[in-house]
Amino acid sequence: MSKKKVSDIIIETLEAAGVKHCYGIVGDTLNHITDSISRSQIKWVHMRHEEVGAFAAGGEAYITGNLTACAGSCGPGSLHFINGLYESHRNRAPVILIASQVATAEMGIDFPQNVDFMPIFKNCSVYCETLINPSQARRMTTLAAQTALTQRGVSVLIVPGDISAVEVEDSPGFHVHLPSPMIQPNEIELEKIADILNNSRKVAVYAGFGCDGAHDELIALCAALQAPMAHTSRAKDFVEYDNPYNVGMTGIFGASSGYKAVLECETLLLLGADFAWQQFYPSHARIIQIDIDATHLGRRHPIELGVVGDVKATLKALLQRLRPHADQSFLNECKHELERVNQHRAHEEREGKDGVIHPQQLAMLIDRHAQHDAIFTADGGSPMVWLLRHVHTNGQRRTLLSLLHGTMANAMPQALGIKKALPDRQVISFSGDGGLTMLLGDMITAIQENIAIKIVVFNNGTLGFVELEQKVEGLLDAYTELKNPNFAKLAEVMGYYSDRVDHSDDLEEAVKAFLAHPGPALLDVTTNRMELVMPPKIEPAYVYSTALSSMKAIAHGRSGEVIELLKNNFLK
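The number in this note's numbering is simply the position in the sequence shown, starting from 1, with 837 added.
#1: On the three-pair Cβ rule with 8 Å, is the region 1186-1195 touching the region 1087-1097?
#2: Using 8 Å as the Cβ pair cut-off and three pairs as the minimum, do the region 871-884 and the region 914-932 touch?
#3: Restricting to runs no shorter than 4 residues, where is the alpha helix (DSSP H) found entirely within the region 1175-1259?
#4: Could you pull out every residue in the same chain whose Cβ sits closer than 8 Å to the Cβ of Gly-1135, ignoring the five residues on either side in sequence?
#5: Select from Ala-974, Val-856, His-1354, Asn-1296 the residue whose C-alpha is nearest the C-alpha of His-1340.
#6: Would Gln-878 and Cys-911 qualify as a contact pair, given that the criterion is a beta-carbon distance under 8 Å?
#7: Can you tell me whether DSSP reads Cys-859 as helix, strand or coil?
#8: Give a yes or no on whether the C-beta atoms belonging to Ala-1002 and Thr-1069 are separated by under 8 Å.
#9: Please report the distance separating the alpha-carbon of Leu-934 from that of Arg-1038.
#10: Within the region 930-1016, note down every full alpha helix (DSSP H) run reaching 4 residues or more, in order along the chain.
#11: Is the separation between the beta-carbon of Glu-1410 and that of Ser-972 shorter than 8 Å?
#12: Do the region 1007-1015 and the region 1031-1047 meet, that is, are 3 or more Cβ pairs less than 8 Å apart?
#13: Run the CB neighbour count on Met-1388, radius 10 Å, all protein chains shown included, and call it buried at 16 or more, exposed below.
#14: Rounded to whole angstroms, what's the CA-CA distance from Ile-957 to Leu-1062? Just pull it up for me.
#15: Taking all protein chains shown into account, decide if Lys-842 is buried (16 or more other Cβ within 10 angstroms of its Cβ) or exposed.
#16: Residues in its own chain within less than 6 Å of Phe-954 by CB, not counting five upstream and five downstream?
#17: What's the gap between the Cα of Val-952 and the Cα of Leu-1352?
#18: So His-1340 is in the beta strand (DSSP E); what residue range does that whole segment cover?
#19: Between the alpha carbons of Lys-880 and His-926, how many angstroms are there, rounded?
#20: Closest to Glu-1141 by CA distance: which of Leu-1152, Glu-1103, Gln-1157 is it?
#21: Nearest to Gln-1198 by CA position, among Ala-1044, Thr-1363, His-1209, is which residue?
#22: Where are the alpha helix (DSSP H) runs, 4 residues long or more, that stay fully inside the region 1071-1108, in chain order?
#23: Take Glu-1185 as the anchor and find which of Phe-1324, Asn-1365, Lys-959, Ala-908 has the nearest alpha-carbon.
#24: Which of helix, strand or coil does DSSP assign to Arg-1123?
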């Protein structure tokens, strides 16, 4: 066997595992790794902040399904990746971080920039190990790559700088294996599920992220049961389109029709859904749960029957055992409620009075004029809600939001990674003014790397979702106001096509020009600050707390704000 440098072995192994891009910032202990990348087919993407690199890698991995890399220098360099890695890990995106470390001779003696990465990265990874024995380079890199791909999460390989430079005898026999087993419940479990469903009257289906790839089987199931289907936010891409049984999302961001289907059914079939909030589950229904992960069964709400299986394979086997239901009354009730929801949303999307721009109108126009296979990202907070409610999927469009980690500032960074991986697709970031300014520096990355993302800024001058949370708790909003620059001028200085819109009459033409521009583009839109995100069911406690907050505002001389709040949300 010929000798190879450890860094060359690591990069060769990652390239064989399908890695196309590595996101990061170069630095001392990483130098041999980046030198090896420069001589490989992997493209280095030069970021301005490592956190953005982790978000970008996760965006690429989530949408493409391919293993994607990021790499950082010792100490603070690799430490900066942590929030983006948590996001990627919770999204089950196959990402690998090469976290370079100080030389082995300097480890454990409080050397400058020496950080014990293991306990930090263990909580956001499926694999986290330090390469100490140079002869194990290919074996450990293979294991890290295979674990990230098969367990769908983040792998972290910690590599001391001196180890990456060592030449060793290579062991080329190790390579990544990607089995694709088909898993379904046993015959007895399938019969139990069928027996419950065949003898149930008001059945509802609750579809989650695990329904990816099972669209046709899901439609056939709902047709057999005459069941309305609600879905989680993360399942939107896979189940919303071409589905006459879809009655929308439930949860705080959802619709009253989805809420009705889940809460008023007699039997609920959970399919690949691990929705966390207990208040959105029925209290008296029989619940059947099918999930590929046994640890998910019954962990959110008590269930009657839980089985392990791939949703597509399980539904194929189950459909043969079901007796067609004739009663459509519950389905029709939920569909009628959906019609009412859609009428209300169409009203929300109208032009505002006196030029006011409602964020719903902006989202609707982006949806109308975006390409048929566009990919959308959105910052945590209200931009995420407007995307979920007012952007439609069609089987080709994709969406990515921070629904499990719930972070700010994810949208623009994730758009960078997705567009880098898929340069022929239109990638649109719904960015909040607060989220965008957190990681503003990497807007420059789009120019430097020629990544033609589209950034639409929902500029309402506040941390809007936090402000809403404060009102719902009966508090006077505090510390949420943002003093923003003109984002359009800022983007223009960086090299973007940019435009700013302050009046609803100018909005549609601006949206069309923004989306049509071939390079990086930013649209800064002044949206209505007083817009509330209304839940599917308004509890009396919400009304009381918001009223209490309004009374406090009046007492502090802010009656004008209260009047605007009422006009924009309850009197329109």
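Heads up, the beta-carbon is just placed ideally off N, CA and C, and yes, glycines get one too.
Let me spell this out:
#1: no
#2: no
#3: 1196-1206, 1219-1227, 1248-1258
#4: Gln-1126, Gly-1143
#5: Asn-1296
#6: no
#7: strand
#8: no
#9: 50 Å
#10: 954-958, 974-988, 998-1001
#11: The structure shown does not extend to residue 1410, since the chain is modelled only from 838 to 1409, so the question has no answer here.
#12: no
#13: For Met-1388, the pLDDT reaches just 45, beneath the cut-off of 50, and the residue's location in the model is therefore unreliable, although a value from the coordinates is still provided. By the 10 Å Cβ count, Met-1388 comes out exposed.
#14: 48 Å
#15: buried
#16: Ala-936, Ile-995
#17: 44 Å
#18: Here His-1340 belongs to no beta strand (DSSP E), and DSSP marks it neither H nor E.
#19: 22 Å
#20: Glu-1103
#21: Thr-1363
#22: 1073-1076, 1093-1101
#23: Asn-1365
#24: strand
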